[in-house]
Structures are given as C-alpha cells and as structure tokens.
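In my numbering, the protein residues as written are 452 to 589.
The beta-carbon is built from N, C-alpha and C at its ideal position, and this holds for glycine as well.
Have a look at the structure below before the remarks.
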Amino acid sequence: MNAPAARFLSPSEAARQLGISAKALRLYEERGLVAPARTPAGWRAYGPVEMARCAEIVALRALGLSVGEVARILNGDTAILGRVLAAHEATLEARIRQCTDSIARVRRLRNDLGCGKMPATHDLIGAVRARPAIGVAF
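Structure below.
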C-alpha cells in the first residue's frame with residue numbers, strides 16, 4: 452500500500468495556518484529563510500518541511516526578532532539567541548511579579564470582605580483589571 456502524498460498548501464492557505472500574511476511568506480522567501488516548492492505552473496507550494504521551517508520563523512519572530520536576526524539564528528548564531536532569551540526571561544519574570552501583586556490585592560479584598568468591609572470601587576477595579584505592561588516608545 453502506498454503512503455499518502457504530502458499535502459502542499461498555497462501561500463494563502465499556509466499563511467492562514469501560520470497566522471501570518473502571504474506577504475510575510477514572500478519576504479521570508481526573498482530573504483532565503485524558506486524555499487517553497489513550485490507547482491508545474493510555477494506557483495509556490497508549502498509542504499510539511501516548508502511549513503515546519505515557517506513555524507520556526509514565526510516562533511522566533513514572536514520573540515521580537517527581526518527577519519535578519521531570525522536568519523542569523525537559523526544559521527547557528529547563538530549570541531543573538533542568548534540575548535533574546537535573556538530579554539524574554541526578563542519579560543516573563545515581570546509578568547510573574549505582576550500576577551503575584553494582583554493575587555495579593557485580590558486576597559486582601561477577599562479578607563476585607565470576610566471581615567465585613569466592603570472594598571472601595573476603585574480598589575475592586577484595580578484588583579481585577581490587568582495592569583498594562585510598562586512600555587517605552589521612541
């Protein structure tokens with residue numbers, strides 16, 4: 452019995468599955484990050500190997516890497532990856548601190564409620580609203 456042939460996706464189907472635009476796929480190809488197969492008519496087609504590579508690219512881009520940095524990492528540059536992972540670790544630790552602070556606020560409010568003290572509306576809203584991440588724009 453023959454194994455089923457691998458399914459190849461059009462750029463729009465591949466982009467939809469990856470959660471990116473077809474334009475981003477073209478950029479990745481232009482930069483040499485992925486080399487999709489071609490149909491007899493010359494259309495780009497993304498099979499399992501290309502989709503796995505694109506998924507790696509998308510994951511690295513989600514860490515905040517530029518396309519150039521992604522290319523360097525995929526070519527074995529560990530210095531950039533170390534810097535990016537350190538920054539990602541710091542972001543995750545900041546989120547943990549924010550969650551810990553939020554839990555402490557909710558516990559205080561629950562304790563106050565248990566003692567018969569109604570929390571002020573602004574305290575209640577502040578305890579349940581997610582605090583925005585501190586950002587700096589240039």
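Out of the options, state which residue places its alpha-carbon closest to the alpha-carbon of residue i.
i	options	result
arginine 515	Val535, Glu480, Cys505 and Glu464	Arginine is not the amino acid found at residue 515; the sequence shown has glycine there. Checking every option, the nearest Cα to that of glycine 515 belongs to Val535.
tyrosine 479	Gly493, Ala492, Ala578 and Glu507	Glu507
glutamate 551	Arg482, Ala537 and Val579	Note on residue identity: the sequence assigns threonine, not glutamate, to residue 551. Closest option to threonine 551, Cα to Cα, is Val579.
isoleucine 554	Leu575, Ala541, Ala513 and Cys566	Leu575
alanine 513	Pro491, Gly565 and Ala538	Ala538
arginine 477	Ala492, Pro491, Val518 and Pro499	Val518
In terms of residue numbering, what span does the alpha helix (DSSP H) encompassing residue i cover?
i	result
glycine 493	Note, glycine 493: premise wrong, no alpha helix (DSSP H); not H, not E.
proline 462	462-469
valine 412	The chain is shown only over 452 to 589; residue 412 falls outside these bounds and no answer can be derived.
leucine 553	Strictly speaking, residue 553 in this sequence is serine, with leucine absent from that position. Here the alpha helix (DSSP H) through serine 553 covers 529-565.
leucine 484	Here leucine 484 belongs to no alpha helix (DSSP H), and DSSP marks it neither H nor E.
alanine 525	Alanine is not the amino acid found at residue 525; the sequence shown has leucine there. Note, leucine 525: alpha helix (DSSP H), 518-525.
alanine 457	No alpha helix (DSSP H) holds alanine 457; DSSP gives it neither H nor E.
alanine 578	572-579
Grab me the residues of residue i's own chain with a C-beta within less than 6 Å of its C-beta, minus the 5 sequence neighbours each way, in chain order.
i	result
cysteine 505	Leu469 and Val485
tyrosine 497	Leu460, Ala465 and Pro487
arginine 548	none
Which residues in the same chain as residue i place their Cβ atom closer than 7 Å to its Cβ, once the five residues preceding and following it in sequence are excluded?
i	result
serine 463	Ala473
aspartate 563	Pro570
histidine 573	none
leucine 511	Val521 and Ile524
isoleucine 471	Val509
With a 10 Å radius around its C-beta and 16 neighbouring C-beta atoms as the bar for buried, classify residue i as buried or exposed.
i	result
valine 557	exposed
leucine 543	exposed
leucine 560	buried
alanine 457	exposed
glutamate 501	buried
arginine 495	buried
glycine 586	In this predicted model, glycine 586 has a pLDDT of only 48, less than 50, meaning its place in the structure is not dependable enough to derive any value.
Examine chain B for any beta-carbon lying closer than 9 Å to the beta-carbon of residue i, and answer yes or no.
i	result
alanine 457	No chain B appears in this structure, which consists of one protein chain only.
In its own chain, which residues sit with a C-beta less than 8 Å from the C-beta of residue i, not counting the 5 before and 5 after it?
i	result
isoleucine 531	Leu516, Glu520, Arg523 and Ile524
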